[in-house]
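What follows is a short report on a single structure.
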Amino acid sequence: MGKRWFVPAGLAAAALIAAGCGSSGHSNTPAGSGGSSSAMNSGTPVSSSNALKTTKIGGATVLTNAKGFTLYSFAPDTMTTSKCNGTCATFWPPVKGPATLSSGVKGKVGTITRSDGSVQATYDGHPLYTYKGDTAPGLNKGNGLNIEGGLWHEVTISGSGPAPNSSSSAGGSGYGY
0 MGKRWFVPAG LAAAALIAAG CGSSGHSNTP AGSGGSSSAM NSGTPVSSSN
50 ALKTTKIGGA TVLTNAKGFT LYSFAPDTMT TSKCNGTCAT FWPPVKGPAT
100 LSSGVKGKVG TITRSDGSVQ ATYDGHPLYT YKGDTAPGLN KGNGLNIEGG
150 LWHEVTISGS GPAPNSSSSA GGSGYGY
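For what it's worth, numbering that gives the first Met the number 0 labels the leading residue of the sequence shown as 0, then goes sequentially.
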């Protein structure tokens, strides 16, 4: 008749999220096979269900998927490699590529090949993700989270909102590449 320990479900979920992507397990193999940053909406047929659009969230113009869910970038990623694999990708699902931009959205979309062989969409060289914590369109609960081994940012359209918080802005993009 030992003591029973009860852990609140929210605390357990937070612990799983924090532990999930900090290590990607088998990440010695590069996840990307060359990022294509060419504009995909110039003649490449892509399903309208994978069209990227924008919406206003908290005063910023944010990139979303066709359903209106906020899209995120992960600071440790590079233009050719996703650093979010395994359990991380269950909490931060990669946006399947190729994608296209809705009319009026500026920028370049492309793709990378992930370590599991799947194709992930990119925007201006940043691999794209959604966040499981965003349970409805228009939410951005993942913005600014520092978990899974790095900082997560909602993808804002140029000049539309506060600059992402980054101390290593080598390329001027605010994402540290």
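Cβ atoms here follow ideal geometry from the backbone N, Cα and C, with glycine treated the same way. Please read all numbers here as calculations on a predicted model, not as lab measurements.
For residue i, the nearest candidate out of the options (CA to CA)
i: T77; options: G124, H152, A98, C87; result: G124
i: A65; options: A74, S48, P75; result: S48
i: I146; options: T86, K52, A50; result: T86
i: G148; options: A135, G132, T155, A88; result: A88
i: S114; options: V108, F90, T80, A120; result: T80
i: E153; options: S117, W91, K82, A50; result: W91
i: G143; options: Q119, L70, S101; result: L70
i: T129; options: A50, F68, I56, K52; result: F68
i: P93; options: P136, G116, L150, P126; result: P126
i: K52; options: G106, I111, S72, P75; result: G106
i: S117; options: G96, P75, G137; result: G96
i: T121; options: T99, N139, P136, L138; result: T99
For residue j and residue i, the rounded distance between their alpha carbons
i: S157; j: G103; result: 13 Å
i: G34; j: G109; result: Residue placement at G34 is poorly supported in this model, since its pLDDT is 44, which falls under 50; the coordinates still yield a value, given next. The alpha-carbon atoms of G34 and G109 are separated by roughly 7 Å.
i: C83; j: A50; result: 22 Å
i: T112; j: T134; result: 27 Å
i: V61; j: W151; result: 14 Å
i: G132; j: G141; result: 7 Å
i: L59; j: T155; result: Checking the sequence shown, residue 59 turns out to be Ala, not Leu. Going by the C-alpha atoms only, they are around 7 Å apart.
i: T63; j: T54; result: 7 Å
i: S72; j: L138; result: 15 Å
i: I56; j: P136; result: 10 Å
i: S101; j: P75; result: 27 Å
Unbroken stretches of the alpha helix (DSSP H), 4 residues or longer, contained in the stretch 38-117: 86-90, all fully within the stretch 38-117.
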